[in-house]
Amino acid sequence: MTTPHQALARIIDTCQPATLVVCGEIAGEVGNHWCQHHSESAMTTLDTSTPNDAFPLPETQDLALVTNTLEHLSHDEGQVLLGQLRNYGTHQIAVVVTDCPGWSFTDFIGLGFRRQAELGDENNPLTLYTYNIDSYNHKRAWNNPDNWANPEMWGKAWW
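So this is what it looks like as structure tokens:
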């Protein structure tokens, strides 16, 4: 059984971030551990009760970790947080959320996240969702001049 600490530690180890945003207790613990062992790394901590007050961030971050936060925000505030992290704040995001009635699988899919893992146990089910800007919008084979009616016009006319 993988714990949230282990799952986030794997993500942070894979990403090797120089800049990190954390929101939530577990995210903060994992982020602090990373920064203690990588002195060149910088971490920004968001307040779990008012995380949206920190935006805009001073620079684009490499990774954001969010735990035990969405459960305590309204759905709209949570969407704003994830949207700002996704659109302006970070290259990769990892969110651990409990099985709460305010958030569903389709909410995360609609924001471009992927369900990575089921964590926790039957008494405390948790789900890990991730977003990576590099793999979010995959390259489509049909989107090139060879598959268009007028390939000679590719990139010349915009309407």
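So the sequence shown is numbered by the numbering used here: it starts at 50 and just counts up by one.
Every residue gets a Cβ at the ideal spot worked out from N, C-alpha and C, and that includes glycine.
Can you tell me where the beta strand (DSSP E) holding residue i begins and where it ends?
| i | result |
| --- | --- |
| His140 | 139-147 |
| Leu106 | Unbroken run through Leu106: none, as it is neither H nor E. |
Taking DSSP as the reference, what is the three-state secondary structure of residue i?
| i | result |
| --- | --- |
| Arg189 | coil |
| Met55 | Just to set this straight, residue 55 is Gln in the shown sequence, not Met. Helix, per DSSP. |
| Gln133 | helix |
For residue i, which residues from the same chain have a beta carbon less than 6 Å from its beta carbon, with the 5 sequence-adjacent residues on both sides left out?
| i | result |
| --- | --- |
| Val144 | Val115, Tyr178 |
| Gly127 | Leu119 |
| Cys64 | Leu112, Gln141 |
| Ile182 | His140 |
Taking the alpha helix (DSSP H) that residue i falls in, what are its first and last residues?
| i | result |
| --- | --- |
| Asn173 | Taken as a continuous stretch (DSSP letters only), Asn173 belongs to no alpha helix (DSSP H), as it is neither H nor E. |
| Thr155 | 154-159 |
Could you tell me which residues DSSP pairs with residue i in its beta bridges?
| i | result |
| --- | --- |
| Thr118 | According to DSSP, which records beta bridges pairwise, Thr118 is partnered with nothing at all. |
| Cys84 | DSSP output for Cys84 lists no bridge partner at all. |
| Cys72 | Leu95, Val115 |
| Gln165 | Answer is none; Gln165 lacks a bridge partner. |
| Thr63 | Answer is none; Thr63 lacks a bridge partner. |
Among the residues of its own chain, which have a CB less than 8 Å from the CB of residue i, if the five just before and after it don't count?
| i | result |
| --- | --- |
| Ile60 | Leu112, Leu114, Gln141, Ala143, Thr179 |
| Leu160 | Gln128, Leu131, Gly132, Arg135, Tyr180 |
| Cys149 | Leu119, Glu120 |
Can you list, in chain order, the residues of its chain whose CB lies under 7 Å from that of residue i, leaving out five sequence neighbours each side?
| i | result |
| --- | --- |
| Pro53 | Ile75, Thr116, Val145, Leu168, Leu175 |
| Thr51 | Ala166, Leu168 |
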